[in-house]
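Residue numbers (the numbering used here), protein chains in the order written: chain A, 13 to 490; chain B, 80 to 380. See structure below.
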């Protein structure tokens, strides 16, 4: 074209340049314009904001659910057409996220009053704090108004975990505790017996006998990966039963005090002597893989792991025994974690939100999952009636009874030897705990490689924890 | 191997009668240079394989079952299926891909449309205080995005622009524009001024001088800058994760959603990742053709 003529003249030796360049440029430009035009048109057609609102219909209330990605929530998403069939005026948009992403996104949303999400899956750690801040809708009246919903059917500790000041701020959808899993066949082969209520000392001795480096098999798998929800979920339950705690009733940190220190020393030494290699990279998923592949004789972790271990095709299905969480000074030391459906107090469709929350946490939903997807896939750990259901008992006979027993007996208000000023077993119910737990677990992870002593790690943890403790003291003094 | 000189038809006919076997068959001669060349080729393939292996492994894993994917040491003989791909599309990946494509294409086009004249004005036809302006553009990248996310979030909330692809597009333009301006400026700086002068002598307007004369010369650079902007927009995770909910969600947070704290997810995550990298590979391939053609023209060098 015009410009390329000058270019040819300036360069003096490009005979084919003008023709080729012109044709290619024209074709390229046409393709570009077509692409941009198509993208803009599609975007405009989809309502200007994005493609996610395709399918929204006038007269239908659309509610947005921010959910953690776990198998139970995936099943819920699969069964949503059943809800929408029964409620044709409500459409549920589900957005699934990884646990930490969900925590970031929903915390930012409720704290800044963004109002992007109507319903959220909120963990037991956040529900009391968010309820106190007024970020969640009080569901007490709604839940108790409907007798068929049977709010008292939820395990009492589970109800406590979603309550603040005797008000229910979320509906429990999924609950889990922790227990000890062991390979029955390996115990039998070694001539060992697992006590029904083992102590941690007994478990450490058994682990030392069952480890087998020639088979690349650990005696026990315990989480060592840094993170308040990874390493400190099992470790805090060990601390509790050893008589330690994060804070006393005056919010003085207790991290380098004897109870806490003895527990961490025991935990680290057990892993070093009989645990997995490279423990600092082992969290729930890594231990699950190790145990499922037959490369660990015992594993202390979430009760929900049993479903994966016993699933069809699992190499260890039928070979695993389950006993209560090991103890030292307390009668019980299992943890309590729940994923709950909570309604954003800023949501503009409170009634539609509640209709959905009620449906997803009802007995009828459990029946629906059982009939359509199988009883082993019913969200466990919330309703006592599920554990009386013969079909569920049959599907999960290896671990259902123990799970129910543990969920009845744990006490999130007083899990350790001494009283504590928060509700929660394996976490401290204050916003700063995520940071305190993350930093302290990093220090403890350093001790696995011998880079730091446990005493030094806990001294640093004490300083970190006390800063958060001082904040609580100031708030209590206001 | 038939690498000897006699095996080459041209040489054979020149040294012997037609239809006859050459009397003396020359033996292959591997000089040090040739051996070195083969060594470099082999080394290149080894390095390419090492770099490509994780991608290959991801594709292989996407066809396994979750249990097989988690197995260690890994097994190469296992049941393979497309089930994980079916799961990914059941979860609605199409909408996320559409959002990603619209956002990446539109923001890249807008960035290049703004960056090309801006860079021209900072290199060939320099405006006053052009160095200060260049510094200003790059200074917008100094602050970490995390430090500005809450004000941005609040601003968008007030404007009612949360979970909106257009709002996100404006942010992506702001994110990529300084980079594109700096890149394009360095390419324009290489344009021989004689070319521009020739256009000016013939009476070309300012815009013709830019779009018809200078831009074709830096087309390879423009393709590279556009490709980088496209990749950055396609892969952006932080902003889209925090500023969108459902409507404007893109592919990266969708990939993250497959990480399951209570289960096995490697195979399905690999399937989703394999699909997600395809558009980037296609964009790279398209840009590469442009790059090669531009270099062959060779006005700049």
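Cβ atoms here follow ideal geometry from the backbone N, Cα and C, with glycine treated the same way.
Could you tell me whether the Cβ of residue 163/B comes closer than 8 Å to any Cβ of chain A?
Judged by the 8 Å Cβ criterion, residue 163/B is not in contact with chain A.
Pair within 8 Å by beta-carbon distance, residue 422/A and residue 262/A:
The answer is no: Cβ separation not under 8 Å.
Proximity winner among 280/B, 199/B, 249/B, relative to residue 264/B (alpha-carbon distances):
Checking every option, the nearest Cα to that of residue 264/B belongs to 199/B.
I'd like the span of the alpha helix (DSSP H) that includes residue 73/A, first residue to last.
Where residue 73/A is concerned, there is no enclosing alpha helix (DSSP H), although the beta strand (DSSP E) it sits in stretches over 73-80.
With three or more C-beta pairs closer than 8 Å as the rule, is the segment 191-203 of chain A touching the segment 310-318 of chain A?
As far as the Cβ criterion goes, the segment 310-318 of chain A touches the segment 191-203 of chain A, which means the pair count is three or higher.
Interface flag, residue 82/B vs chain A, CB-CB below 8 Å
Bear in mind that the predicted position of residue 82/B carries a pLDDT of just 37, short of 50, making it unreliable; the figure below should be weighed with that in mind. No, its Cβ sits nowhere closer than 8 Å to a Cβ of chain A.
Contact set for residue 348/B: own chain, Cβ-Cβ below 8 Å, skip 5 residues either direction:
Beyond the five residues adjoining it in sequence on each side, residue 348/B comes within less than 8 Å, by CB distance, of 334, 337, 338 in the same chain, given in chain order.
Host alpha helix (DSSP H) of residue 88/A (start-end)
It spans 83-98 - the alpha helix (DSSP H) in which residue 88/A sits, taken as one unbroken run.
Contact set between the segment 216-230 of chain B and chain A, restricted to residues whose Cβ is under 9 Å from the partner:
From the segment 216-230 of chain B, only 228, 229 have a Cβ closer than 9 Å to chain A.
For residue 183/A, which residues does DSSP report across the bridge?
Its beta-bridge partners are 353/A.
When the distance is taken between beta carbons, is residue 194/B closer than 8 Å to residue 259/B?
Judged by their CB atoms, residue 259/B and residue 194/B are nearer to each other than the 8 Å cut-off.
I'd like to confirm the pairing. Which residues does DSSP put opposite residue 135/A in its beta bridges?
DSSP, once it has assigned bridges, lists 351/A as partnering residue 135/A.
Counting along the chain, where does the beta strand (DSSP E) carrying residue 191/A start and finish?
From DSSP, the beta strand (DSSP E) with residue 191/A extends over 190-195.
With C-beta atoms as the reference, is residue 255/A less than 8 Å away from residue 266/A?
Going by C-beta atoms, residue 255/A is not nearer than 8 Å to residue 266/A.
Assigned exposure category for residue 473/A - 16 Cβ within 10 Å defines buried
Buried, because 16 or more other Cβ atoms sit within 10 Å of the Cβ of residue 473/A.
Cβ of residue 178/B within 8 Å of any chain A Cβ
For residue 178/B, the nearest CB of chain A lies under 8 Å from its own CB, placing it at the interface with that chain.
Judging by CA-CA distance, which residue of 202/B, 325/B, 155/B, 131/B is the nearest neighbour of residue 74/A?
Checked all of 202/B, 325/B, 155/B, 131/B; the closest Cα to residue 74/A is 325/B.
Any C-beta of chain A sitting closer than 8 Å to the C-beta of residue 194/B?
So no, residue 194/B is outside the interface.
Just list the residues that DSSP pairs residue 336/A with in beta bridges.
Paired residues: 191/A.
With respect to the alpha helix (DSSP H) encompassing residue 221/A, which residues constitute its N-terminal and C-terminal limits?
Counted as a single uninterrupted DSSP element, the alpha helix (DSSP H) harbouring residue 221/A occupies residues 212-222.
Just the Cα atoms here: how many angstroms apart are residue 270/A and residue 155/B?
Between residue 270/A and residue 155/B, the C-alpha separation is close to 50 Å.
Please check if any C-beta of chain B sits within less than 8 Å of the C-beta of residue 408/A.
Taking 8 Å as the threshold, the shortest C-beta distance from residue 408/A to chain B does not fall below it.
Write down every uninterrupted run of the beta strand (DSSP E) in the segment 219-295 of chain B whose length is 3 residues or greater and which is fully enclosed by it, in chain order.
Runs found: none.
Within chain A, partners of residue 314/B - CB distance below 9 Å
Under the 9 Å cutoff, chain A gives no residues; its nearest Cβ is about 16 Å from residue 314/B.
Residue 108/A: contacting residues in chain B (beta-carbon distance under 7 Å):
By Cβ distance, chain B contributes 336.
Distance cutoff 8 Å, beta carbons only. Does residue 62/A sit that close to anything in chain B?
Under the Cβ distance rule, residue 62/A counts among the residues neighbouring chain B, one pair being separated by less than 8 Å.
To the nearest angstrom, how far is the alpha carbon of residue 272/B from that of residue 311/B?
Distance between the alpha carbons of residue 272/B and residue 311/B: 32 Å.
Nearest by alpha-carbon distance to residue 209/A: which of 293/A, 334/A, 351/A is it?
For residue 209/A, the closest C-alpha among the options 293/A, 334/A, 351/A is that of 334/A.
Tell whether a beta-carbon distance below 8 Å holds between residue 118/A and residue 78/A.
For residue 118/A and residue 78/A, yes; Cβs fall inside 8 Å.
Could you work out which residue in 366/B, 327/B, 122/B is closest to residue 76/A when comparing CA atoms only?
Nearest option by C-alpha distance: 327/B.
Members of the segment 315-327 of chain B near chain A, C-beta cut-off 7 Å
For the segment 315-327 of chain B, which is checked against every Cβ of chain A, the residues closer than 7 Å are 320, 321, 324, 325, 326, 327.
How would you list, in chain order, the residues of chain B whose beta-carbon sits under 9 Å from the beta-carbon of residue 120/A?
The answer, in chain order, is 228, 229, 232, 321.
For residue 394/A, which residues from the same chain have a beta carbon less than 6 Å from its beta carbon, with the 5 sequence-adjacent residues on both sides left out?
166, 170, 184, 187, listed in sequence order.
Please classify residue 364/B as buried or exposed, where buried requires at least 16 other C-beta atoms within 10 Å of its C-beta.
The residue in question, residue 364/B, is exposed, as its Cβ has fewer than 16 Cβ neighbours within 10 Å.
Chain B contact for residue 418/A (CB, 8 Å cutoff)
Using a Cβ-Cβ cut-off of 8 Å, residue 418/A does not count as an interface residue toward chain B, since no Cβ of chain B sits closer than that to its own.
I need the straight-line Cα distance from residue 350/A to residue 178/B, nearest angstrom please.
Going from the Cα of residue 350/A to the Cα of residue 178/B covers about 33 Å.
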